[in-house]
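Each remark here refers to the structure printed beneath this line.
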Amino acid sequence: LFFISWQTLNTVEAISEQPGLHVRAKAGQFQWTFDYLAADGKTIEYSQFVPTGEDGGLAVPVGKPILVDLESPDVIHAFYVPRFLFKRDVVPGQTNQFEFTVNESEAGQTFRGQCAELCGAGHRIMVFDVRALSQADFDAWFEKAKASAKPSQGPAQSLPPNSLTLEQSAQGVQFVKRELEAQANQPFAIRFVNEDSTIPHDLDIMAGDGSKVFDGEVFPGPDERVYNVTGLEPGTYEFVCSVHADMTGTLTVK
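Residue numbers (our numbering): 655 to 908.
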């Protein structure tokens, strides 16, 4: 029994010298981020925040060993994909690794993944998809993803002199200010400071009917952005983080 266990453990723990893809999976309250790494294992070629729409999640080529580094900036999480019959803890202050290969016959399939360690109030939203792609489809997706992630070179939008600038911050996966005010039909700016290291946030503005009237850029902390907002009609709006559903507040325009 000992020999069988030892042999199985060595098989599970085995890591290829040249994996087909190297990914860093970062689990932060309450968000997964996947960094696609270059051959040196350090340079980030593309980062995927989850969720980010239909292309969100971890895309991998089939038939190739996928090496995953697991890191956490806050509390203990766990990376678990039931299809892989494998779970590994994600522990602050250390990097855990594991490797998996998706069968070529499973190209085109999507597998659900999740955090399997109770990590706080937002634990339930720490889910992600693993999308198995043929090598050709993965290469096409990866090139498109990297190109779309490049910052726009267009001119920055300017505001009229003396325009209002609202101050907002994110800290501990919460908006520091729950209420903001702006003048109706007048453009204004929001200086948004993300103080949560490695955790992505944004600030979107939603009208009462649920429509999005402003879509802020998602970015990881520590960093900041200045969002320029065109004039809004009088009323009560909700500002939200599209990454963390529990981050909300009220914008009053009058």
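C-beta atoms are modelled at their ideal positions from N, C-alpha and C, and glycine is treated no differently.
- According to the DSSP assignment, H777 belongs to no beta strand (DSSP E), since it is labelled neither H nor E.
- With fewer than three CB-CB distances shorter than 8 Å, the stretch 753-761 does not count as touching the stretch 775-782.
- Contact annotation: T819 and V880 have beta-carbon atoms nearer than 9 Å.
- When DSSP assignments are scanned along the stretch 665-753, the uninterrupted stretches of beta strand (DSSP E) that are 3 or more residues long and fall wholly within it turn out to be 675-682, 685-691, 698-704, 712-715, 720-725, 731-735 and 740-744.
- Classified as buried, T687 has 16 or more neighbouring CB atoms from the shown chains inside 10 Å of its CB.
- In the displayed model, E758 falls within a helix according to three-state DSSP.
- Cα atoms of A799 and D689: separation of roughly 12 Å, rounded to the nearest angstrom.
- The beta-bridge partner set that DSSP reports for R879 consists of F846.
- Ranked by Cα distance from Q825, the first of N839, I844, Q683 and D869 is Q683.
- Looking at the DSSP output, Q837 bridges to nothing.
- Within its own chain, the residues whose Cβ lies closer than 6 Å to the Cβ of F893, once the five positions on either side in sequence are excluded, are L857, I859, G903 and L905, listed in chain order.
- The bridge partners DSSP lists for M860 are K866 and E892.
- Put simply, of E878, L886, P874 and S802 the residue whose alpha carbon is nearest the alpha carbon of F703 is P874.
- With 16 or more other Cβ atoms from the protein chains shown falling within 10 Å of its own Cβ, F846 counts as buried.
- The DSSP-derived three-state label of Q825 is coil.
- For Y700, the CB contacts under 8 Å within the same chain, skipping 5 residues up- and downstream, are D689, Y690, F796, A799, K800 and A803 in chain order.
- Pairing V745 with V830, the inter-Cα distance amounts to about 27 Å.
- Apart from sequence neighbours up to five positions away, the residues of its chain that approach V897 with a beta-carbon distance below 7 Å are Q685, F703, P854, H855, D856 and V872, ordered along the chain.
- Taken atom to atom, the span from the alpha-carbon of Q822 to that of A681 is near 24 Å.
- Relative to V716, the option among D694, R742 and N757 whose CA is nearest is N757.
- In this structure, the CA atom of R678 is about 12 Å from the CA atom of F733.
- In this structure, DSSP gives D900 a state outside helix and strand, which the three-state scheme calls coil.
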